[in-house]
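Trainee: Same order as they appear, the protein sequences are chains F and D. Using my numbering, you'd call the opening residue of the first sequence number 1 and step up by one each time. Using my numbering, you'd call the opening residue of the second sequence number 1001 and step up by one each time. All C-beta atoms, glycine included, are put in the ideal place defined by N, C-alpha and C.
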Amino acid sequence: MRKNLNVIAAYSIMMVLILMVGIFQSWNIALSIFNLCLISAVMTMGANIQWGYAGLINFGIMGYTALGGLAAVLISVDPVQEAWRAGGFDILMSLWLIVVMVLVIRFILKRFEKSKIRTYSIAAIIISGILLIRFSAEPGIEAIEAVDPAKTGFLGGFGLPIIFSWIVGALFAGGLAFIVGKVALGLRADYLAIATLLISEIVIAIIKHEDWLTRGVKNVIGLKRPAPYEVDLQTTDWFIKLVEKFNVGKLSVIENLADRQAALNQLVIEGSSVFVKLCYSGLFLVVVIILLILTQKALYSPWGRMMRAIRDNEEAANAMGKNVVKQHLLIFILGSAIVGIAGAMLVTQDGLFTPGSYRPMRYTFLIWVMVIVGGSGNNFGAILGGFVVWFLWIEAAPISLFLINFFTAGIPETNALKAHLIESVPYFRFLLMGLGLLFIMRYRPKGILPEKIEIK
Amino acid sequence: MDFVNAIILLLNYIFIPALTYGSQLALGAIFVTLIYGILRFANFATGDMMSFGTMATILFTWYFQSLGVSLGVLPTALLAIPFGIIFMIFYMLLIDKFVFKYYRNQKSPPVQFAMVSIGVMFVTQAVVRIIIGPGDRRFFDGEKFIIKAREFKEMTGLNEGLALKSTQVITIFVTIVLVSLLFWFLNRTKTGKSMKAYSDNEDLALLSGIDPKKIVLVTWVIAGILATIGGALYGLDKSFKPFTYFNNMLPIFAAAIVGGIGNPFGAFLGGYVIAFSEILLTYAYKKFFMYVLPESMEPNSLVQLLSTDYKFAVSFSILVIVLIYRPSGIFKGKVL
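#1: Put Q1024 of chain D into one of helix, strand or coil per three-state DSSP.
#2: I want to see whether chain F comes within less than 8 Å of M1092 of chain D, judged by CB atoms only; does it?
#3: Using 8 Å for Cβ pairs, my map puts G52 of chain F next to A382 of chain F. What's the rounded Cβ distance?
#4: Just to confirm the assignment, what range does the alpha helix (DSSP H) spanning I75 of chain F have?
#5: So V80 of chain F and V220 of chain F are in contact, right, with Cβ under 8 Å, and what is the actual spacing, rounded?
#6: Report yes if the CB atom of M93 of chain F is closer than 8 Å to the CB atom of S40 of chain F, and no otherwise.
#7: Identify the contact partners of M1297 of chain D in chain F, using a Cβ-Cβ distance below 8 Å as the criterion.
#8: Beta-carbon of D1309 of chain D versus every beta-carbon of chain F: anything under 8 Å?
#9: Does F946 of chain D get closer than 8 Å to chain F when you measure Cβ to Cβ?
#10: Starting from the beta carbon of I367 of chain F, find every residue of chain D whose beta carbon is closer than 8 Å, and list them in chain order.
#11: In whole angstroms, what is the alpha-carbon distance linking I1261 of chain D and Y280 of chain F?
#12: Does the segment 31–49 of chain F come within contact of the segment 118–137 of chain F, defined as at least 3 CB pairs closer than 8 Å?
#13: For a quick check, are the C-beta atoms of L185 of chain F and F59 of chain F less than 8 Å apart?
#14: Spatial neighbours of I310 of chain F within its chain, please: CB distance less than 7 Å, with the 5 preceding and 5 following residues excluded, ordered by chain position.
#15: Should E1160 of chain D go down as buried or exposed, given a rule of 16 or more other Cβ atoms within 10 Å for buried?
#16: Can you tell me whether R1137 of chain D is helix, strand or coil according to DSSP?
#17: Quick check on the DSSP output: the beta strand (DSSP E) that includes I1146 of chain D runs from which residue to which?
#18: Which residues does DSSP pair with A1284 of chain D in a beta bridge?
#19: Please return the same chain residues whose Cβ sits closer than 8 Å to the Cβ of L171 of chain F, not counting the five positions on each side in sequence.
#20: For R442 of chain F, would you say it is in contact with chain D, using Cβ-to-Cβ distances shorter than 8 Å as the test?
#21: Ignore the nearest five residues each way along the sequence and tell me which others in I269 of chain F's own chain have a CB closer than 8 Å to its CB.
#22: If you drop the 5 nearest sequence neighbours on each side, which residues of the same chain put their C-beta closer than 6 Å to that of T1244 of chain D?
#23: Less than 8 Å between the beta carbons of V1073 of chain D and E1143 of chain D, yes or no?
#24: Which term fits P139 of chain F, buried or exposed, when burial requires 16 or more other beta carbons within 10 angstroms of its beta carbon?
#25: Helix or strand or just coil, what does DSSP make of V389 of chain F?
#26: List the whole-angstrom C-beta distance separating D540 of chain F from E145 of chain F, where the pair is believed to meet the contact cut-off of C-beta under 8 Å.
#27: So with Cβ pairs under 8 Å, would you call H524 of chain F a contact of chain D?
#28: Work out the CA separation of V100 of chain F and V1303 of chain D for me, nearest whole Å.
#29: Please return the same chain residues whose Cβ sits closer than 6 Å to the Cβ of M307 of chain F, not counting the five positions on each side in sequence.
#30: Starting from the N-terminal side, write out each stretch of the alpha helix (DSSP H) that is 4 residues or longer and does not extend beyond the segment 303–355 of chain F.
#31: May I ask you to report which of helix, strand or coil DSSP gives L185 of chain F?
#32: Could you check what DSSP says for G1329 of chain D in three-state terms: helix, strand or coil?
#33: Output, in sequence order along the chain, the residues in the segment 1098–1110 of chain D whose CB is closer than 8 Å to any CB in chain F.
#34: Cβ atoms of I1118 of chain D and F1015 of chain D: under 8 Å apart, would you say?
#35: Among D:R1138, D:K1311, D:M1195 and D:M1121, which one has its Cα closest to the Cα of Y1283 of chain D?
#36: Could you name the residues of chain D that Y120 of chain F contacts, counting a contact when the two beta carbons are closer than 8 Å?
And the structure:
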């Protein structure tokens, strides 16, 4: 108990902060911050596995998040029959072509010795394959995108419950991580950072512009929900009774029956959105707890010890007979898969998929700030980092507005400098993040909750 | 005649834009490569530092415009660039003193430097957005075209017009002058040579009495000049928007690595490699083939290898391929 005191203290402070937002601003805001904190926590756990356990630097978090989101679309949207009829065949043919291409390349790699001719012939196969696919898929893609472009214009998905996409998102992200890992993991740390960053940009470019698959920048809206809809709740009897029960004190003060009914209606509307957010919180909390248990178990298992050994001294671990390359690949896949889950969760919560919103600042660098600030190598630290940083990211604007008003209280409202500062309040969050990161790196390089390894 | 038309078409839509864009990338790439070679880290704040320098230039441009100072046909920004550079160097030295110096003294691993540079990136981004806002700014004034497409058509009687913007000429001219000065400095002066020595082998350089503080100072000064001019030229040619500058960091990194990181000449060429491949692969050649081929063979599709949406993806793919097959870059890295 004693040694975990700082963990408990840090988490209690965080909870109090969120509760304060609930009391002073509104419960709706508090819960939406809490939900996104949970999603951020899942992302940081993924990044922490890679960076904290194994020392692998992955700046491609954005790409895996987006793939998770794509999974949510492909799983939950109903298939667009017309589009399948229009161009499904061409798309399937192209898929076959890709499979054939990969098999041919594998065959060449196996059969022939490494030589210049082999490299060039593989390059030729890839280039001609891409051209062939482009020309064979073109009519199909055009036909699909022409099917009611304002509403669909894409193939749609499988029409399954969206919850499944959390697993499929992990598989997608893991699959991409397998390819990226095979290609890039041999690189030096900073090259790996740049390579993963650029690969994630490529992934986003593909998601943005392949309209037949993802609707691209036209966005997919109105995804299915695992939670009830507000509108349905507002007309459900048991829910109205529940709200009434919670607010008995408030309602009994009002004498007039009509007024009381109006007040109740207002409470039901507010309550419904809080209730929906609570449902999401419950779901997300389950995911976070399961992942936390798994990652904690892994950290203290022989496998976790091996990963730390590899991180701290690769050559020594190699000499002890550990397969460093294989373990790096494995951990790269695992971490990315967790990020993929978070991406699917994010889209599930929003109910929409907007490829244009995936930007490296928000989905890669911010997550890294979370990991570094929270404490890399320590799962509780990483989760805390997700909470603290996301909380500050959202609350930075009100805080800085308050500070500006406080310090410029003597200056009249019409002052140009004051007006300019108040106008640029949203950008103080970048300043806060940057300074936070710099201070933590300088004065507490291991994060708020540093890594602590107990030998049991 | 058709053949000449085809050539003009390619000049107008591929060669000149790619040369301009490549020059802008090249300046940024040399900046990245210098920092990497001498200070030994990948600077993720590159794009934002460039936007800071451009912002300073824009502010001075506005100041001069309000005073009524102008260069006539040339943009006022050219007058403001030196002041922008001074501002930029001051900011960089400030950051170096308060942030990077500590880690240099600690001999921290490059990864830690990269992380710190992300902190700097956030701060710089905030400063730029707070001072000038996130919006699109145009600060170009003076004569816009040297040759207009219509005038060219009338002059030569060709079907295809050739438009030459003054910013394109300025960009290419300034880049050539700046880069030749830089290479002269690196190869012929004592300080330049000691910088090379420092980049090559730090311990040996220190043993032979090279002052590391001076090297670091000179590096930041050169970096400030490159960042400001590169950023300002890009802003003049297109427009200034902080987010675009952040995004430009990626092709700049690609250029630096493709050229062999740590090698300024490689970075210089890498900029053009990236720019040309981006534009060559995403250009629709339909019109070109209509001029070159006989009428019966005219293509009915756009003859475009990749859609323009994948412009960035092209440079990144080149980078990934280079990283896998030749991590030291096309022109062998780490020899400043």
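Mentor: Reading off the structure:
#1: Correct three-state label for Q1024 of chain D: helix.
#2: By this cut-off, M1092 of chain D is not an interface position.
#3: Contact between G52 of chain F and A382 of chain F holds, with the beta-carbon distance rounding to 7 Å and staying under 8 Å.
#4: Per DSSP, I75 of chain F is one residue of the alpha helix (DSSP H) stretching across I61 to S76.
#5: Not really, about 11 Å apart at Cβ, beyond 8 Å.
#6: Not closer than 8 Å, so no.
#7: Correct list: empty, because the minimum Cβ distance to chain F is about 17 Å.
#8: Residue contact with chain F for D1309 of chain D: present (Cβ-Cβ distance below 8 Å to some residue of chain F).
#9: For residue 946 of chain D there is no data in the structure shown, the boundaries of chain D being 1001 and 1336.
#10: The CB of I367 of chain F never comes closer than 8 Å to any CB in chain D; the least such distance is about 11 Å.
#11: Going by the C-alpha atoms only, they are around 47 Å apart.
#12: Counting Cβ pairs under 8 Å, fewer than three are found: no touch.
#13: F59 of chain F sits away from L185 of chain F, with the two beta carbons spaced by 8 Å or more.
#14: For I310 of chain F, the CB contacts under 7 Å within the same chain, skipping 5 residues up- and downstream, are A54, A317, K322, V324 and Q327 in chain order.
#15: Buried, by the Cβ-count rule.
#16: Judged by DSSP in its simplified three-state form, R1137 of chain D adopts strand.
#17: Counting along the chain, the unbroken beta strand (DSSP E) around I1146 of chain D starts and ends at F1145 to I1147.
#18: Answer is D:Q1304.
#19: Once the five neighbours on either side are set aside, the close Cβ partners of L171 of chain F are A71, A337 and G340.
#20: Taking CB atoms only, R442 of chain F has a neighbour in chain D less than 8 Å away.
#21: These residues qualify, in order along the chain: E230 and Q234.
#22: Its chain contains no residue whose beta carbon lies nearer than 6 Å to that of T1244 of chain D once the 5 sequence neighbours on both sides are disregarded.
#23: In contact: V1073 of chain D and E1143 of chain D (Cβ atoms closer than 8 Å).
#24: So P139 of chain F counts as exposed.
#25: Three-state DSSP puts V389 of chain F in a helix.
#26: Nothing about residue 540 of chain F can be read from this structure; chain F reaches only from 1 to 456.
#27: Examination of residue 524 of chain F is not possible in this model, given that chain F is present from 1 through 456 alone.
#28: If I take the Cα positions, the gap works out to 25 Å.
#29: Here M307 of chain F has Y53 and A54 as same chain residues with Cβ atoms under 6 Å from its own Cβ, once five neighbours each way along the sequence are excluded.
#30: 314–319 and 324–350, all fully within the segment 303–355 of chain F.
#31: Of the three classes helix, strand and coil, the one that applies to L185 of chain F here is coil, per DSSP.
#32: In this structure, G1329 of chain D counts as coil in the three-state DSSP scheme.
#33: Listed in sequence order: V1099, Y1102, P1109 and P1110.
#34: Contact: no.
#35: With distances taken between Cα atoms, Y1283 of chain D lies closest to D:K1311.
#36: Near Y120 of chain F there are no residues of chain D at all, since even the closest Cβ is about 12 Å away, more than 8 Å.
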